[in-house]
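Residue numbers (the numbering used here): 136 to 627.
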């Protein structure tokens, strides 16, 4: 397999509770990615909707679309698929008034989750992924993953898939298809065609805005997307989820079937690689480097900035060598933190100023290499006149900080606090951890008034599920003197 991920031994750890699923990607024993899906706040990227255009904004080259959510979704003219012949193709984006009319219904797909005050972002350029292929309704050209290096293999795959391209649409051949037989590719193509036919049928039956297709759950989606990587082991701590994943792998990704393992251990599954501590560190501004240098990472709504400092590292040679060594070390740390924190949009990197052009070139090359294993599309620019490197990373879902934290009311955004929701789920996990490790008849949870109120009201059905899960009573006791993040789980 030619994927650059394959040189790294990888493991997926899947932690499931009644209220959330968390998936950790570990490479060579080090946490690289963290994915979280909560039942009360599931992401909608990949979902297809029948949407009604509620407003056209010519000045913004965009339209607002009602897809049945609280906030209208955003559709830019550049995200509207326009059918053209080869003779009339142009890079110019047509006027939105020519593409969208108020009251018009469209089939749209979510490409960015709602974030803050912004609604979801949409496209009409639909993509439906499966194991080997991605179906593109309305397209007429077959694409091949750039990670498949062999020209002979690319031509072989393209020749097979070309047979299944018609007026309904065409395909992108995924990295996982490398080495696949014609029958396997044909089955994949037929599956996607049937799925698209069902979506069209639902659209025709729907009289107003409606969900037409929901993407897979987090666990299944990651199994599908990681099939082409060198995953050696997949461990899950929920018997029910394990059975669902087993059924999925047997039918769609049999090569992962033997790698799937149910983990019933007394230790929490994330303790196997100290995942919880790594997640806590990923919420901090400061990231220590082994040399004594450090990064400062700041997220704002507009962009993320990463500042590199030498700190206590003075080196054993001259200052320029010290600066170069620190910057070089920082490139790997930056790539890991960007993946782990799921940072997206514009990222500005302020390396320590280097006098030598050769050093700048080698640092930039190291940064690009460090992102080779990132599955998310990134673009890295050259050093600017101010010595800054600007990069963009496709943002589809919320960052780790946005998922786990909220703005601190005391400092008005200069820091963060964990959300009440995150603390509730943290408490649930702690109860399960203590229950597995010790013998207790029941539990009492002491926490702040706000957290207890959430446990007894908004999260009460999950609390009931927790009691059924451990077969013990869990009592909630508010403590007036506890600050927002403080809690204790006591065995009785």
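The beta carbon of each residue, even a glycine, is placed where N, CA and C say it ideally should be.
These numbers were taken from a predicted model, which means no experiment stands behind them.
- Only residues of its own chain outside the window of five on either side were considered, and among them none has a CB closer than 6 Å to the CB of residue 329.
- Residue 552 is bridged by DSSP to 541.
- Classified as buried, residue 145 has 16 or more neighbouring CB atoms from the shown chains inside 10 Å of its CB.
- Separation of the CB atoms of residue 617 and residue 572 is rounded to 24 Å, and the pair is thereby denied contact status at 8 Å.
- Residue 324 is positioned such that its CB atom lies no closer than 8 Å to that of residue 380.
- In the structure shown, residue 616 adopts coil according to DSSP, grouped into three states.
- Taken through DSSP and simplified to helix, strand or coil, residue 299 comes out as coil.
- Burial check for residue 550: the Cβ neighbour count within 10 Å stays below 16, so the residue is exposed.
- Runs of the alpha helix (DSSP H) spanning 4 or more residues and lying entirely within the region 387 to 420 occur at 410 to 416, in chain order.
- Per DSSP, the continuous beta strand (DSSP E) segment holding residue 199 begins and ends at 197 to 201.
- Taking C-alpha positions only, residue 619 is separated from residue 331 by approximately 48 Å.
- Straight across, the Cα-Cα distance linking residue 344 with residue 238 is about 11 Å.
- Boundaries of the beta strand (DSSP E) harbouring residue 622: 622 to 626, taken from the DSSP string.
- Within the DSSP secondary-structure output, residue 245 pairs in a beta bridge with 257.
- Burial is judged here by how many other beta carbons sit within 10 angstroms of a residue's own beta carbon; residue 169 has at least 16 and is buried.
- Distance check between residue 494 and each of 463, 544 and 607 places 463 closest, using alpha-carbon atoms only.
- Of the other Cβ atoms in all chains shown, fewer than 16 fall within 10 Å of the Cβ of residue 286; this residue is therefore exposed.
- By the C-beta density criterion, residue 150 is buried, having at least 16 other C-beta atoms within 10 angstroms.
- With distances taken between CA atoms, residue 173 lies nearest to 532 out of 532, 592, 528 and 256.
- Contact between the region 305 to 313 and the region 269 to 279 is present, with at least three C-beta pairs closer than 8 Å.
- Closest in alpha carbon position to residue 247, among 623, 207 and 314, is 207.
- Residue 358 holds the alpha-carbon nearest to the alpha-carbon of residue 389 among 490, 348 and 358.
- The beta carbon of residue 366 is closer than 8 Å to those of 145, 146, 147, 391 and 394 in its chain, skipping five residues each way along the sequence.
- Under the three-state reduction of DSSP output, residue 314 falls in the coil class, being neither helix nor strand.
- Using a Cβ distance threshold of 8 Å, residue 356 and residue 347 do not count as a contacting pair.
- Sorting 528, 562 and 489 by C-alpha distance to the C-alpha of residue 507 places 528 at the top.
- Taking C-alpha positions only, residue 589 is separated from residue 559 by approximately 8 Å.
- Note that the C-beta distance between residue 279 and residue 289 is below 8 Å.
- Every alpha helix (DSSP H) of 4 residues or more that sits fully in the region 572 to 616 is shown, in chain order, as 584 to 591 and 595 to 605.
- Taking the Cα positions, residue 486 is about 42 Å away from residue 623.
- A Cβ-Cβ separation of about 5 Å places residue 295 in contact with residue 320 under the 8 Å criterion.
- If one requires a minimum length of 3 residues, the beta strand (DSSP E) runs lying completely within the region 328 to 368 are 345 to 348, in chain order.
- Close CB contacts of residue 383 within its chain, under the 6 Å cut and outside five residues either way in sequence, are with 355 (chain order).
- Taking the Cα of residue 205 as reference, the smallest distance to any Cα among 457, 253, 283 and 244 is reached at 253.
- With fewer than 16 neighbouring CB atoms inside 10 Å of its own CB, residue 627 falls in the exposed class.
- Contiguous beta strand (DSSP E) elements confined to the region 439 to 491 occur at 439 to 444 and 480 to 485, taking only those with 3 or more residues.
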